[in-house]
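In the UniProt record's numbering, the protein residues as written are 1 to 380.
Working notes, structure below.
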Ligand SMILES: [Fe+2]
């Protein structure tokens with residue numbers, strides 16, 4: 001990785017002699033040559049000349065630095081859900097075959113098609129959605145119109161489930177820092193930011209796990225993208241935990257792992273982005289319990305999970321690498337969610353890990369998605 005000279009809002013300078021190897025693969029966007037500074041506001045912006053329908057959702061970094069996140073009591077909306085899901089999937093519609101389900105794998109993940117419009121759900125149905133996604137891990141909804149609702153609508157929609165997470169460094173639409181954006185423009189070597197210095201792009205993680213209260217139910221909404229490519233891969237962290245032997249499970253019980261946002265912050269900073277918040281690190285249990293289902297899952301989040309507390313360096317590396325490798329190798333606890341116009345993928349960041357797939361660098365159109373990321377409880 002070449003040396004980087006950049007100056008950020010925090011006045012941090014990496015000089016020409018510094019060699020910074022970015023071990024953190026940036027999932028959202030490569031910025032070189034596509035951002036412009038708005039001289040009036042100081043914001044970094046991405047512009048498009050064409051008649052693009054979703055210009056309001058184009059990436060910006062505004063020079064606003066936020067306070068650290070504060071603890072809040074979280075009660076999952078799924079706590080009040082009707083476990084028969086009669087509001088989310090009304091029996092009459094099921095009877096008339098107006099809603100169809102396809103299991104993506106026998107263990108987890110389901111695709112829902114037909115007469116379900118997320119934007120139109122009642123509060124009761126939203127409560128059920130939270131429980132349903134907790135049970136299924138991943139739910140792929142097709143033909144959704146969330147992307148055609150206003151940014152305000154999407155913000156209020158997400159806030160129903162919890163305070164929306166403002167990312168420390170990834171781009172967001174102007175005036176809406178609560179949305180995390182994925183944006184890749186059409187460029188032949190667009191994937192070189194990943195494969196320039198490594199062979200594989202997989203990074204099984206749970207979003208922003210370094211926060212005190214990382215997200216639970218999470219929405220990723222496609223605005224525009226190529227016909228094929230960019231699948232989101234998911235791994236079932238409950239199944240991963242269940243497969244461990246009783247003796248290994250008991251070794252992990254009670255251990256906590258440090259999840260750090262510092263490396264991600266450094267990586268974005270090196271690209272010249274404006275950071276929104278000082279990076280943080282938090283300790284979370286390696287085996288966490290889901291507040292709605294009571295099920296346990298492995299909570300070891302890719303590059304965020306740096307070390308296990310109370311173990312020596314080599315011991316910690318051995319266990320973390322073993323767990324990460326085991327999940328990587330287990331295609332029988334993984335699925336892929338593909339994207340088409342109107343797709344919204346909901347997942348529960350508490351019980352599945354995910355990774356992007358970088359295989360679309362010859363695409364004809366830009367790849368553009370937004371994530372709605374309500375924060376949830378402090379992992380326990
Ligand atoms: Fe992610």
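Each residue gets a CB set at the ideal place from its N, CA and C atoms; glycine is no exception.
For clarity, every value in this text was computed on a predicted model and none was experimentally measured.
Closer than 7 angstroms: residue i CB and nearest ligand 1 heavy atom
i           : result
residue 381 : Given that the chain is displayed from residue 1 to residue 380, the structure contains no residue 381 and the question cannot be resolved.
residue 207 : yes
residue 354 : yes
Whole-angstrom distance between residue j and residue i, CA atom to CA atom
i           : j           : result
residue 326 : residue 103 : 24 angstroms
residue 349 : residue 50  : 35 angstroms
residue 369 : residue 341 : 11 angstroms
residue 376 : residue 76  : 7 angstroms
residue 29  : residue 236 : Unreliable placement is indicated for residue 29, whose pLDDT of 47 sits below 50; no coordinate value is reported for it.
residue 379 : residue 290 : 8 angstroms
residue 277 : residue 294 : 33 angstroms
residue 130 : residue 42  : 39 angstroms
residue 360 : residue 196 : 15 angstroms
residue 45  : residue 243 : 46 angstroms
residue 220 : residue 52  : 20 angstroms
residue 149 : residue 120 : 11 angstroms
residue 136 : residue 213 : 22 angstroms
residue 124 : residue 82  : 8 angstroms
residue 127 : residue 116 : 15 angstroms
residue 171 : residue 133 : 26 angstroms
residue 353 : residue 37  : 35 angstroms
residue 328 : residue 279 : 27 angstroms
residue 206 : residue 95  : 36 angstroms
residue 110 : residue 138 : 6 angstroms
residue 307 : residue 251 : 15 angstroms
residue 274 : residue 198 : 26 angstroms
residue 178 : residue 71  : 17 angstroms
residue 247 : residue 254 : 13 angstroms
residue 113 : residue 39  : 46 angstroms
residue 164 : residue 151 : 13 angstroms
residue 180 : residue 106 : 31 angstroms
residue 55  : residue 147 : 12 angstroms
residue 156 : residue 330 : 38 angstroms
residue 3   : residue 270 : A caution first: residue 3 carries a pLDDT of 33, below 50, which makes its placement in the model too unreliable to give a value.
residue 80  : residue 86  : 13 angstroms
residue 14  : residue 84  : For residue 14, the pLDDT reaches just 37, beneath the cut-off of 50, and the residue's location in the model is therefore unreliable, although a value from the coordinates is still provided. Computed Cα separation, rounded: 56 angstroms.
residue 224 : residue 366 : 7 angstroms
residue 286 : residue 230 : 29 angstroms
residue 176 : residue 73  : 24 angstroms
residue 358 : residue 232 : 9 angstroms
residue 374 : residue 245 : 34 angstroms
The beta strand (DSSP E) enclosing residue i, as first and last residue numbers
i           : result
residue 356 : 352-356
residue 136 : That residue, residue 136, is in no beta strand (DSSP E); its alpha helix (DSSP H) goes 123-136.
residue 247 : Taken as a continuous stretch (DSSP letters only), residue 247 belongs to no beta strand (DSSP E), being part of the alpha helix (DSSP H) at 246-252.
residue 288 : 287-289
residue 111 : 110-114
residue 276 : Careful: residue 276 lies outside any beta strand (DSSP E) and carries neither H nor E.
residue 103 : 99-103
residue 345 : 344-348
residue 207 : Here residue 207 belongs to no beta strand (DSSP E), and DSSP marks it neither H nor E.
residue 223 : 217-224
residue 306 : 305-308
residue 182 : 179-184
residue 370 : 367-372
Range covered by the alpha helix (DSSP H) that runs through residue i
i           : result
residue 193 : 192-195
residue 157 : 151-159
residue 316 : 313-329
residue 240 : 237-243
residue 95  : 91-95
C-beta atoms of residue i and residue j nearer than 8 angstroms
i           : j           : result
residue 323 : residue 211 : no
residue 304 : residue 356 : no
residue 166 : residue 66  : yes
residue 173 : residue 60  : yes
residue 192 : residue 284 : no
residue 315 : residue 226 : no
residue 292 : residue 158 : no
residue 92  : residue 185 : no
residue 168 : residue 297 : no
residue 141 : residue 217 : no
residue 344 : residue 337 : no
residue 154 : residue 372 : yes
residue 281 : residue 258 : yes
residue 300 : residue 320 : yes
residue 347 : residue 234 : yes
residue 302 : residue 203 : yes
residue 108 : residue 335 : yes
Contact test: residue i Cβ vs ligand 2 heavy atom, cutoff 7 angstroms
i           : result
residue 273 : Although ligand 2 was asked about, the structure shown includes only ligand 1 as ligands.
Discussion item. Any contact between the stretch 98-114 and the stretch 305-320? By contact I mean 3 or more CB pairs, one from each, below 8 angstroms.
Written reply: No, the stretch 98-114 does not touch the stretch 305-320.
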